[in-house]
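This note's numbering puts the sequence shown at residues -3 to 96. All C-beta atoms in this analysis are idealised placements derived from N, C-alpha and C, irrespective of residue type, glycine included.
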Amino acid sequence: EFDQLDAEVMEVLVDAITSCGNLLKARVTLAEREKLYTQLHQRAIGCYGDEDPRAMDCLCYLAGVYSEQGRHDEALEAYGRDLAETRKALGEEHPETAGT
-3 EFDQLDAEVM EVLVDAITSC GNLLKARVTL AEREKLYTQL HQRAIGCYGD
47 EDPRAMDCLC YLAGVYSEQG RHDEALEAYG RDLAETRKAL GEEHPETAGT
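Written out as structure tokens, the structure is:
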């Protein structure tokens, strides 16, 4: 369980899992991914803070799972939060946020 990992190990785990999110999609069920990304998002917030890009990556992966499950309101809320944090961090004119 993630709760038993120390912060240093968790940082490495967050980085590794967010880097290979698409690989998980092919190998793990939606329910398992939802559980994993929920735990990972919570731990990423604990390690980095809720506005950190790594925490937002975890939130985006979770939003994708919500969307695949047909939970579109929850997905839209999560994607909206990510966009708001990205705009705050990068600004309205940054290529990743301009026109969104």
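How far does the alpha helix (DSSP H) with D78 in it reach, from first residue to last?
68 to 86
Between which two residues does the alpha helix (DSSP H) holding E30 run?
26 to 44
Kindly give me the distance between the Cβ atoms of L58 and T34, rounded to whole angstroms, as I take these residues to be in contact under 8 Å.
6 Å
CB-CB under 8 Å to D11, same chain, minus the five flanking residues each way: which ones, in chain order?
R50
Helix, strand or coil for D11, going by three-state DSSP, please let me know.
Of the three classes helix, strand and coil, the one that applies to D11 here is helix, per DSSP.
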